[in-house]
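As structure tokens, the structure follows; a few thoughts come after it.
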């Protein structure tokens, strides 16, 4: 495995995340926190930094990731993204003042999944999203200044989790909600200016105090 190094940043929210009240100071305090919760997709962007520095296009075009958000990262928290080699992959933890707040397990490459055998509960309406505007330089705006993305003219991998979140916001929830985990499988990179066609399917529903999810 190529050697990975710890990368550190002070967490921030992007303006577009204010649509979820939990990502504002007012909404975060109303929920019992000291400040706004930083969006999970932003924390994921941070966690990818050591991986992309070491694995580059291999991971961006064929790699996988599973990220779990175990405790909130608040706006302005100092975050250390600490990588550790695992059996065949790497684990990166988001540490705030020595406490683990999120964990990413990544594999450099993977075999294609066969999605045909998966249970499908409810297909959602197809959505077409040009990868321009807020998607151009997404990682840089979040604080990941790795030059590879601008040099190659490709979008940051956090764009995929952000697009998945947009499916949830458009179709499944209203009001505050919290991103707890994501599974990501890369099939290729995408250039800035390309068009993403998003086909989403609900595979399960469950009841919460806030209603059906």
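Residue numbers (our numbering): -11 to 201. Think of the CB as a built atom: it goes at the ideal place given N, C-alpha and C, for glycine as much as any other residue.
{"Query": "Alpha helix (DSSP H) containing residue 16: first to last residue?", "Result": "13 to 18"}
{"Query": "Would you list the one or two residues that DSSP bridges to residue 91?", "Result": "56, 81"}
{"Query": "At the level of alpha carbons, what is the spacing between residue 188 and residue 67?", "Result": "32 angstroms"}
{"Query": "Would you mind sorting residue 16 into buried or exposed? The rule is 16 or more other CB atoms within 10 Å of its CB.", "Result": "buried"}
{"Query": "So, for residue 112: in the same chain, excluding its five sequence neighbours on each side, which residues have a beta-carbon less than 6 angstroms away from its beta-carbon?", "Result": "159, 188"}
{"Query": "Could you give the DSSP three-state label for residue 98: helix, strand or coil?", "Result": "coil"}
{"Query": "Would you mind stating whether residue 132 and residue 144 have Cβ atoms separated by less than 8 angstroms?", "Result": "yes"}
{"Query": "Ordered along the chain, which non-local residues of its own chain (more than five positions away) have a Cβ less than 6 angstroms from that of residue 91?", "Result": "56, 81"}
{"Query": "Is residue 94 closer than 8 angstroms to residue 53 when the C-beta atoms are compared?", "Result": "yes"}
{"Query": "Provide the residue(s) that pair with residue 62 in DSSP beta bridges, ordered along the chain.", "Result": "25"}
{"Query": "Are at least three pairs of beta-carbons, each pair with one atom in the region 20 to 40 and one in the region -4 to 7, less than 8 angstroms apart?", "Result": "yes"}
{"Query": "Tell me the rounded alpha-carbon separation between residue 89 and residue 9.", "Result": "20 angstroms"}
{"Query": "Do residue 62 and residue 35 count as a contact pair if the criterion is CB distance below 8 angstroms?", "Result": "no"}
{"Query": "Is the beta carbon of residue 119 closer than 8 angstroms to that of residue 180?", "Result": "yes"}
{"Query": "Would you mind reading off the limits of the beta strand (DSSP E) that contains residue 184?", "Result": "183 to 186"}
{"Query": "May I have the straight-line CA-CA distance separating residue 4 from residue 149, to the nearest angstrom?", "Result": "14 angstroms"}
{"Query": "Going by beta carbon distance, what residues of the same chain come within less than 6 angstroms of residue -8, once the five residues before and after it are set aside?", "Result": "38, 42, 71"}
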